[in-house]
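Chemist:
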Amino acid sequence: EDKVVQSPLSLVVHEGDTVTLNCSYEVTNFRSLLWYKQEKKAPTFLFMLTSSGIEKKSGRLSSILDKKELFSILNITATQTGDSAIYLCASGKAAGNKLTFGGGTRVLVKP
Amino acid sequence: DTAVSQTPKYLVTQMGNDKSIKCEQNLGHDTMYWYKQDSKKFLKIMFSYNNKELIINETVPNRFSPKSPDKAHLNLHINSLELGDSAVYFCASSHSSTHRGPSGNSPLHFGNGTRLTVT
Chain U
1 EDKVVQSPLS
11 LVVHEGDTVT
21 LNCSYEVTNF
31 RSLLWYKQEK
41 KAPTFLFMLT
51 SSGIEKKSGR
61 LSSILDKKEL
71 FSILNITATQ
81 TGDSAIYLCA
91 SGKAAGNKLT
101 FGGGTRVLVK
111 P
Chain C
1001 DTAVSQTPKY
1011 LVTQMGNDKS
1021 IKCEQNLGHD
1031 TMYWYKQDSK
1041 KFLKIMFSYN
1051 NKELIINETV
1061 PNRFSPKSPD
1071 KAHLNLHINS
1081 LELGDSAVYF
1091 CASSHSSTHR
1101 GPSGNSPLHF
1111 GNGTRLTVT
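In the order they appear, the protein sequences are chains U and C.
Quick note: the first sequence uses the numbering used here, first residue 1, plus one each step.
Quick note: the second sequence uses the numbering used here, first residue 1001, plus one each step.
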């Protein structure tokens, strides 16, 4: 059965800190790894990674994939209170666009 | 606004009742999904439709029946509701799930969820 595990479960930081979120996966017919941010309602798409070693960057957020070791990390630098959310990673299969989600990491950024 | 919209936002009902959740997207996508998010925040896929055709049907009790009248709509009907059905149900859509290409999966666009509480 496909599995996606995220760590840590939760963390509390102060504004300006850097956080690193981890996502490991075991998926047959793997195609890509996706990161989402969930605040109060709908998860919103952040990144999709398909190749090892190529960093994707958007502002203070960046992510990288290691297909050999089967993990991805999401970094947030210079955190702000607006970064407080649950961050979800998901693995995508090659067929049917089926995404398997991890349980998320809850990030709380204090002023 | 371009979006995935689902109704109702909240649904409180008693065990044994039958209820429906509606979903519509105007993003021009041809694939739609239902996901269930439990209290531990795990998002699990239930169903996926591509152009009105069922393509993913996970191990879900047959009390749950999706219906897609056209590619912009995917509704979820639940019969004989049970306490364990309480969760947040998310509708989502994406570009074609049958696309095969080097660019990876098609990211899902989620609705705001329907919080179902069964008492």
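All C-beta atoms, glycine included, are put in the ideal place defined by N, C-alpha and C.
Note that this is a predicted model, so its numbers are computed, not measured.
1. Thinking C-beta only, is residue 11/U closer than 7 angstroms to residue 107/U?
2. Any chance the region 1002-1017 of chain C sits against the region 61-79 of chain U, with 3 or more Cβ pairs inside 8 angstroms?
3. Please decide whether residue 8/U counts as near chain C, where near means a Cβ-Cβ distance under 7 angstroms.
4. Going along chain U, which residues have a C-beta under 9 angstroms from residue 1108/C?
5. Quick one: is residue 36/U buried, meaning 16 or more other Cβ sit within 10 Å of its Cβ, or exposed?
6. Going straight from the alpha carbon of residue 1020/C to that of residue 1118/C, what length do you get?
7. Could you pull out every residue in the same chain whose Cβ sits closer than 6 angstroms to the Cβ of residue 29/U, ignoring the five residues on either side in sequence?
8. So, at 6 angstroms on beta carbons, what are the nonlocal neighbours of residue 1100/C in its own chain, with the 5 sequence-adjacent residues on each side left out?
9. Measuring CA to CA, which of 41/U, 62/U, 99/U and 82/U is closest to residue 22/U?
10. Rank 8/U, 40/U and 19/U by C-alpha distance to the C-alpha of residue 80/U and give the top, closest one.
11. Could you round the C-beta distance between residue 1093/C and residue 1032/C to whole angstroms and report it? I think they count as a contact, below 8 angstroms.
12. Are the CB atoms of residue 1068/C and residue 1074/C within a distance shorter than 7 angstroms?
13. I need the straight-line Cα distance from residue 55/U to residue 1087/C, nearest angstrom please.
14. Taking 6 angstroms as the cut-off, does the CB of residue 1011/C come closer than this to any heavy atom belonging to the ligand NAD?
Modeler: Let me lay it out:
1. Closer than 7 angstroms, so yes.
2. no
3. no
4. What residue 1108/C touches in chain U: 34, 36, 43, 45, 90, 97 and 99.
5. buried
6. 13 angstroms
7. 93 and 94
8. The pLDDT assigned to residue 1100/C is 49, lower than 50, so where the model puts this residue is not dependable, and the model offers no usable value.
9. The shortest C-alpha to C-alpha distance from residue 22/U to any of 41/U, 62/U, 99/U and 82/U is the one to 62/U.
10. 19/U
11. 5 angstroms
12. yes
13. 35 angstroms
14. Among the ligands in the structure shown, none appear at all, so the ligand NAD cannot be discussed.
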